[in-house]
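Colleague: Each number in the numbering used here comes from the position in the sequence shown (counting from 1) with 34 added on.
Glycine included, each C-beta is placed from N, C-alpha and C at the ideal position.
Below you will find the structure I want to go over with you.
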Amino acid sequence: MIGGQIILNTISADQLADIIKPLIVDAIREVLQEKEEKLLSPKEVCKKFEPTISKTTLAAWTKKGLLTEYRIGGRVYYKMSEVFKKVNTLCKYSSHI
35 MIGGQIILNT
45 ISADQLADII
55 KPLIVDAIRE
65 VLQEKEEKLL
75 SPKEVCKKFE
85 PTISKTTLAA
95 WTKKGLLTEY
105 RIGGRVYYKM
115 SEVFKKVNTL
125 CKYSSHI
C-alpha cells in the first residue's frame, strides 16, 4: 500500500474482476433474500419463543391484535418480520429466531 492506494501489479484487470464478481453476486443475492418475507406456520411461531408458547397462547395474542395472521389457501401463517418486531411486547417471552 502506497499513499492509501493498493497497487496490484501481478494481477490483470480481468483476473481481479473474476475474483470480485462472485463476491458481488453473493452480496446481491443475500440482500434480495432478506427482502423476501418468510412466512411461518403457527407451529413454527410457537417454537420460536423461549419458553415455547402454546397454540392457544398464539391464538390469544392474535385475537388481542398483538400478532397478525395471514390466510393463504385456508392455512394460517405469520410474517417472521412481524413476529420479530412484537417479541419485546409479548410478556416474559423472548425469541430465539
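#1: Please look up how many angstroms separate the CB atoms of Val-79 and Val-121, rounded, as I've assumed it's under 8 Å.
#2: Label Ile-140 either buried or exposed according to how many other C-beta atoms from any shown protein chain fall within 10 Å of its C-beta, with 16 as the threshold for buried.
#3: Would you call Tyr-137 buried or exposed, if buried means 16 or more other Cβ atoms sit within 10 Å of its Cβ?
#4: Using the C-alpha atoms, what's the distance from Leu-73 back to Ser-46?
#5: For the candidate residues Thr-90, Glu-71, Leu-124 and Pro-85, whose alpha-carbon lies nearest to that of Ser-115?
Modeller: Reading it off the structure:
#1: Val-79 to Val-121, Cβ: 11 Å. No contact.
#2: There is no way to answer for residue 140, as the model of the chain reaches only from 35 to 131.
#3: Nothing in the structure corresponds to residue 137, since the chain is present only between 35 and 131.
#4: 45 Å
#5: Glu-71
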